[in-house]
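If you use numbering that gives the first Met the number 0, the sequence shown corresponds to residues 0 to 127, in order.
Beta carbons are placed, not taken as given, at the ideal position from N, Cα and C, and that holds for glycine.
For reference, the structure is listed below as structure tokens.
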Amino acid sequence: MKKYLFLLAAFTLIFFSSCSSDDDNGGEADPIIGTWTLVEASLFDVEGCTEQSFVTLKKGNTGSATFYLQQADCTPQSSSGEWENLGDSRYKLAVPVIGAVEGTVVFTGDDSFTFQTASTGSFTFEKQ
Numbered sequence: 000m001k002k003y004l005f006l007l008a009a010f011t012l013i014f015f016s017s018c019s020s021d022d023d024n025g026g027e028a029d030p031i032i033g034t035w036t037l038v039e040a041s042l043f044d045v046e047g048c049t050e051q052s053f054v055t056l057k058k059g060n061t062g063s064a065t066f067y068l069q070q071a072d073c074t075p076q077s078s079s080g081e082w083e084n085l086g087d088s089r090y091k092l093a094v095p096v097i098g099a100v101e102g103t104v105v106f107t108g109d110d111s112f113t114f115q116t117a118s119t120g121s122f123t124f125e126k127q
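Written as structure tokens, this is what we have:
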């Protein structure tokens with residue numbers, strides 16, 4: 000159970016490591032801003048209540064996440080944090096207790112992206 004809660008926390012941390020200032024994109028909003036639903040994860044199956052998990056990344060480098068894991072009796076686990084666009088498709092997320100995680104974001108069109116890290120695997124999201 001602790002392992003899954005750690006993965007949930009790490010997952011939350013990962014997805015807050017998304018965008019920084021609009022200056023990185025010539026004044027345009029970062030494409031990661033929005034609400035995204037989890038559709039795939041390399042470290043656990045996304046099925047049942049886990050399919051309800053989502054992250055919201057906002058302008059101003061803030062965000063929130065709500066995750067549902069079957070191992071936690073599908074009880075929603077929510078947290079908030081900050082994100083930063085480091086450039087070159089690299090993002091950083093900082094969430095209290097867990098710390099900061101950096102990774103690479105690969106967009107598939109305007110409605111999907113995969114966040115990849117060395118420490119917590121990869122997570123794929125689709126825009127709501």
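Take residue i as the anchor and find which of the options has the nearest alpha-carbon.
i	options	result
Q127	A28, L42 and L56	L56
Q76	E46, S121, V54 and A28	V54
Q69	F112, S88 and E46	E46
S118	T34, L42 and W35	L42
A99	G62, W82 and E125	W82
D87	A71, E101 and E50	E101
N157	S79, T116 and D44	Residue 157 lies beyond the residue range present for the chain, which begins at 0 and ends at 127; the question has no answer from this structure.
Using C-beta distances below 6 Å, list every residue in its chain close to residue i, excluding the 5 sequence neighbours before and after it, in chain order.
i	result
C73	C48 and Y67
L85	K91
S52	L37, F66 and Y67
Start and end of the beta strand (DSSP E) containing residue i?
i	result
V54	F53 to K57
A28	Premise fails: A28 is in no beta strand (DSSP E) and is neither H nor E.
T116	S111 to T116
G62	T61 to F66
G86	Q76 to G86
Can you round the beta-carbon distance between residue i and residue j to whole angstroms, since I take them to be within the 8 Å contact cut?
i	j	result
R89	T107	The pair is not a contact, with the Cβ atoms about 18 Å apart (cut-off 8 Å).
I31	F112	7 Å
Helix, strand or coil for residue i, going by three-state DSSP, please let me know.
i	result
T36	strand
A71	helix
E46	coil
G120	strand
G102	strand
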